[in-house]
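S.K.:
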Amino acid sequence: MTITNRNWSTVTLETMQWFVFLLASAVTLPIVIGAIFDLSFTEVAGLMQRTFFAVGLTSLLQGLFGHRLPIMEGPAGIWISIFAVMAYSEVAAGKSYIETLQTLEAAMIWTGIFLFIFGIFGLAHRVLFVFTPLVTGAFLFLITVQLSGTFLKGMIGVQQQVGAIHIDKTILAFLTFFLVIGLSFFGKGWLKGYAVLIGIVVGWVLYVVWVGSKPVDSLLVSDAFKIPDLWVWGTPNFEWSVIPLAFITAVILLSNLVASVVAVSHSIYGKPSYKYNQLNRGSSFLGINHGISAIFSSVANVSLASSSGFINLTGQKSKRPFLYASLILIAVAFFPPVVAFISAIPAPIANAALLATFVQLMGLGISNMASEELNERRLTILGISFLLGIGIMFLPAEVFQEMPSMVQNLLSNGLLVGTVLVILLEQIWKESPKSSKSNNA
581 MTITNRNWST VTLETMQWFV FLLASAVTLP IVIGAIFDLS FTEVAGLMQR TFFAVGLTSL
641 LQGLFGHRLP IMEGPAGIWI SIFAVMAYSE VAAGKSYIET LQTLEAAMIW TGIFLFIFGI
701 FGLAHRVLFV FTPLVTGAFL FLITVQLSGT FLKGMIGVQQ QVGAIHIDKT ILAFLTFFLV
761 IGLSFFGKGW LKGYAVLIGI VVGWVLYVVW VGSKPVDSLL VSDAFKIPDL WVWGTPNFEW
821 SVIPLAFITA VILLSNLVAS VVAVSHSIYG KPSYKYNQLN RGSSFLGINH GISAIFSSVA
881 NVSLASSSGF INLTGQKSKR PFLYASLILI AVAFFPPVVA FISAIPAPIA NAALLATFVQ
941 LMGLGISNMA SEELNERRLT ILGISFLLGI GIMFLPAEVF QEMPSMVQNL LSNGLLVGTV
1001 LVILLEQIWK ESPKSSKSNN A
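As numbered in my numbering, residues 581 to 1021 make up the sequence shown, in order.
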């Protein structure tokens, strides 16, 4: 009986930590999207509710029927880039923000259709030859570089606005960041296992004491129970110009799926381990999940490789707590007062905890790239892809305004450009047999 109770308490704590990780990963990006599209507080609150529901549901579907690994399905970095780019390019072309969001709904649906076709017809595993360790490592590296900027802005309290660093918030954010890192590497027992949970709780308490808590808007808690709304942004605006973007995004998301499965299976089993039908199922449900995200007017959810960083930090390898946490998040979405309380997690604290999980992910990306000898060919491929991909991340969207909208949407996304370059160069510039023999020798 004692063992059973101990197991139950362990599962409960692990479920709570997974739940906090799901929340921390889901709570920040609706705020970012709200800033980009000038959404009101009430609209951001509704987006947060729908995001919680979609994240919980899509994570549960993948965990039970898709790739069947404890990998969070969350708002994707690549889609955040697409939302940000189209917010400028479409409005510059004369569209309103709401019309742009309707076009984005259609883009998510098209991408979902391509991913579903890849999976249902068993095509996902047939392109595995493209996703070499160099490509997988480069993708993981680029996505950490891209999202580190978003998380760092959140940590210093400026989000999308230009302004001075908030010293008090920044100090607390970095205290939280180093607390999570310190506990995960130097902590013993439960301190190490619950580093993320402890870091967020301690950071939140210190934030309330030092900075104060933000008031909860009465509009957010006007209903004790509320079902998430459908098609809040209106019906999708299907345009031919988004189909090429959707197809390329679907291919890039296949590399994301492979990278996530490789990273998490490596964290759980000590080495990359997956089967072809597992990737095909994962692709099919990734397509379904894109449809769910579009229906609930939220940012498309994809398998987050950062789940590997979470597992490495906490040592939690069991899938059951992950599934329980996904169910809890679905249930929470129906209760606006609970959503309001959770949304009160200070953005600097949530961003700091997320950035801490990306330390492991960055390391995994570098490890993948270094798993094969970094000869002159591979270093040149990485150099070209990183210089152009990361360079584009620093360019303002306005520089692409003279280009056709379809080209804008493709070339202005640094993560997409960098990953496509690695894939193309790796396939076009084949290693010579002589070089391959010398490497093997």
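Ideal Cβ positions, reconstructed from N, Cα and C, are used throughout, including at glycine.
Please read all numbers here as calculations on a predicted model, not as lab measurements.
Using beta-carbon positions only, say whether Trp-598 and Ala-905 come within less than 7 Å of one another.
M.R.: Against the sequence shown, residue 598 aligns to sequence position 18. Against the sequence shown, residue 905 aligns to sequence position 325. Contact flag set, yes.
S.K.: Going straight from the alpha carbon of Leu-799 to that of Tyr-849, what length do you get?
M.R.: Position 219 of the sequence shown, counted from the first residue, corresponds to residue 799. Position 269 of the sequence shown, counted from the first residue, corresponds to residue 849. Low confidence applies here, because Leu-799 scores a pLDDT of 45, under 50, leaving its location unreliable and the question unanswered by this model.
S.K.: Any chance you could list the beta strand (DSSP E) runs of at least 3 consecutive residues sitting entirely within the region 864 to 908, in chain order?
M.R.: Counting whole runs of 3 or more residues, the region 864 to 908 contains the beta strand (DSSP E) stretches 881 to 883.
S.K.: Can you check which of these residues, Glu-953, Ile-616, Tyr-677, is closest to Thr-712 by C-alpha distance?
M.R.: Indexing the sequence shown from 1 puts residue 712 at position 132. Ranking Glu-953, Ile-616, Tyr-677 by Cα distance to Thr-712 puts Glu-953 first.
S.K.: Counting only the same chain and skipping the five closest in sequence on each side, list residues whose C-beta sits under 7 Å from that of Leu-609.
M.R.: Walking along the sequence shown from the start, residue 609 turns up at place 29. Excluding residues within five positions, the ones whose Cβ falls inside 7 Å are Pro-655, Ile-660, Val-879.
S.K.: Considering only C-alpha positions, which residue in the set Val-725, Ile-961, Phe-980, Met-983 is nearest to Val-1000?
M.R.: Looking up residue 1000 in the sequence shown gives position 420. Comparing Cα positions, the closest option is Ile-961.
S.K.: Could you check whether the region 716 to 729 touches the region 858 to 870, counting it as contact only if at least three pairs of C-beta atoms, one from each stretch, sit closer than 8 Å?
M.R.: Counting Cβ pairs under 8 Å, fewer than three are found: no touch.
S.K.: Please list the terminal residues of the continuous alpha helix (DSSP H) segment that includes Glu-956.
M.R.: The residue labelled residue 956 in the question sits at position 376 within the sequence shown. Glu-956 -> alpha helix (DSSP H) spans 956 to 973.
S.K.: Going straight from the alpha carbon of Leu-903 to that of Phe-890, what length do you get?
M.R.: Position 323 of the sequence shown, counted from the start, is the residue given in the question as residue 903. Position 310 of the sequence shown, counted from the start, is the residue given in the question as residue 890. Whole-angstrom Cα-Cα distance: 15 Å.
S.K.: Rounded to a whole number of angstroms, what is the C-alpha to C-alpha distance between Pro-928 and Phe-621?
M.R.: Within the sequence shown, the letter at position 348 stands for residue 928. Within the sequence shown, the letter at position 41 stands for residue 621. Computed Cα separation, rounded: 18 Å.
S.K.: Can you tell me whether Gly-654 is helix, strand or coil according to DSSP?
M.R.: Here residue 654 refers to the residue found at position 74 of the sequence shown. DSSP places Gly-654 in strand when its eight states are reduced to three.
S.K.: Using CA atoms only, rank isn't needed, just tell me which of Tyr-854, Gly-702, Gly-636 is closest to Gln-600.
M.R.: Position 20 of the sequence shown holds residue 600. Reading the sequence as shown, one finds Val at residue 600 and not Gln. Among Tyr-854, Gly-702, Gly-636, the Cα nearest to that of Val-600 belongs to Gly-636.
S.K.: Looking only at its own chain, which residues have a Cβ that is under 6 Å from the Cβ of Asn-892, when we skip the five neighbours before and after it?
M.R.: Here the question's residue 892 lines up with position 312 in the sequence shown. Closer than 6 Å at the Cβ level, and outside the excluded window around Asn-892, lie Ser-847, Gln-940.
S.K.: Is His-870 a contact residue of the ligand GDP, with contact defined as CB to any heavy atom under 6 Å?
M.R.: In the structure on display, the ligand GDP does not appear, and there are no ligands present to speak of.
S.K.: Just how far apart, CA to CA, sit Ile-583 and Lys-899?
M.R.: Translated into the one-based positions of the sequence shown, residue 583 becomes position 3. Translated into the one-based positions of the sequence shown, residue 899 becomes position 319. Any answer about Ile-583 is weak, because its pLDDT of 43 lies below 50 and its placement is not dependable; what the coordinates show is given next. Computed Cα separation, rounded: 20 Å.
S.K.: Are there 16 or more other CB atoms within 10 angstroms of the CB of Leu-771, so buried, or fewer, so exposed?
M.R.: If you number the sequence shown from 1, residue 771 lands on position 191. Leu-771 is exposed by the Cβ-count criterion.
S.K.: What runs of the beta strand (DSSP E), each 3 residues or longer, lie entirely inside the region 583 to 649?
M.R.: Qualifying beta strand (DSSP E) stretches: none in this window.
S.K.: On the three-pair Cβ rule with 8 Å, is the region 962 to 982 touching the region 744 to 754?
M.R.: Short answer: they don't touch.
S.K.: What does a CB cutoff of less than 6 Å around Pro-650 pick up in its chain, not counting 5 residues either side in sequence?
M.R.: Residue mapping note: residue 650 aligns to position 70 of the sequence shown, counting from 1. So the list reads Lys-899, Phe-902, once near-sequence residues are dropped.
S.K.: Are the beta-carbon atoms belonging to Thr-653 and Asn-881 less than 7 Å from one another?
M.R.: Along the sequence shown, one-based indexing puts residue 653 at 73. Along the sequence shown, one-based indexing puts residue 881 at 301. First, the amino acid is wrong: residue 653 is Glu here, not Thr. It is a contact, given that the beta carbons lie within the stated cut-off.
S.K.: Starting from Gly-737, trace the alpha helix (DSSP H) both ways and give me its first and last residue.
M.R.: Your numbering for residue 737 matches position 157 in the sequence shown. No alpha helix (DSSP H) holds Gly-737; DSSP gives it neither H nor E.
S.K.: Name the residue from Ala-634, Leu-681, Phe-765 whose alpha carbon lies nearest to the alpha carbon of Phe-876.
M.R.: The sequence position of residue 876 within the sequence shown is 296, counting from 1. Looking at the Cα atoms, Ala-634 is the closest of the given residues.
S.K.: By DSSP, does Glu-982 sit in helix, in strand, or in coil?
M.R.: The residue labelled residue 982 in the question sits at position 402 within the sequence shown. Correct three-state label for Glu-982: coil.
S.K.: Given a cut-off of 7 Å on the beta-carbon distance, is the pair Arg-630 and Pro-916 in contact?
M.R.: Walking along the sequence shown from the start, residue 630 turns up at place 50. Walking along the sequence shown from the start, residue 916 turns up at place 336. No.
S.K.: Any idea what DSSP makes of Ser-992, helix, strand or coil?
M.R.: Residue 992 sits at position 412 when you count from the first residue of the sequence shown. Coil.
S.K.: When the Cα of Ser-965 is compared with those of Leu-944, Glu-956, Asn-948, Leu-1004, which residue comes out closest?
M.R.: Working through the sequence shown from its first residue, we reach residue 965 at position 385. Closest by alpha carbon: Leu-1004.
S.K.: Kindly indicate which three-state DSSP category Ser-853 falls into: helix, strand or coil?
M.R.: Walking along the sequence shown from the start, residue 853 turns up at place 273. In this structure, Ser-853 counts as coil in the three-state DSSP scheme.
S.K.: So for Ser-676, helix, strand or coil by DSSP?
M.R.: By one-based count along the sequence shown, residue 676 stands at place 96. Coil at Ser-676, not helix or strand.
S.K.: Strictly under 7 Å for the Cβ-Cβ distance: is Ser-728 near chain D by that measure?
M.R.: No chain D is part of this structure, which consists of one protein chain only.
S.K.: To the nearest angstrom, how far is the alpha carbon of Thr-937 from that of Lys-897?
M.R.: Counted from its first residue, the sequence shown places residue 937 at position 357. Counted from its first residue, the sequence shown places residue 897 at position 317. Whole-angstrom Cα-Cα distance: 15 Å.
S.K.: Within 10 angstroms of its Cβ, does Gly-895 collect 16 or more other Cβ (buried), or is it exposed?
M.R.: For this step, residue 895 is matched to residue 315 along the sequence shown. Classification for Gly-895: exposed.
S.K.: Which residue's Cα is closest to the Cα of Gly-734: Phe-696, Thr-716, Leu-722, Phe-757?
M.R.: Stepping through the sequence shown from its first residue, residue 734 is reached at position 154. Nearest option by C-alpha distance: Phe-757.
S.K.: Beta-carbon within less than 8 Å of Trp-784's beta-carbon, same chain only, minus the 5 sequence neighbours each way: which residues are those?
M.R.: For the purposes of this step, residue 784 is identified with residue 204 of the sequence shown, where counting begins at 1. Closer than 8 Å at Cβ, skipping near neighbours: Ile-925, Pro-926, Ile-929.
S.K.: Going by C-alpha distance, which of Thr-683, Phe-805, Ala-673, Phe-865 is nearest Ala-704?
M.R.: Reading the sequence shown from its first residue, position 124 is the one you call residue 704. Minimum Cα distance to Ala-704 is reached at Phe-865.
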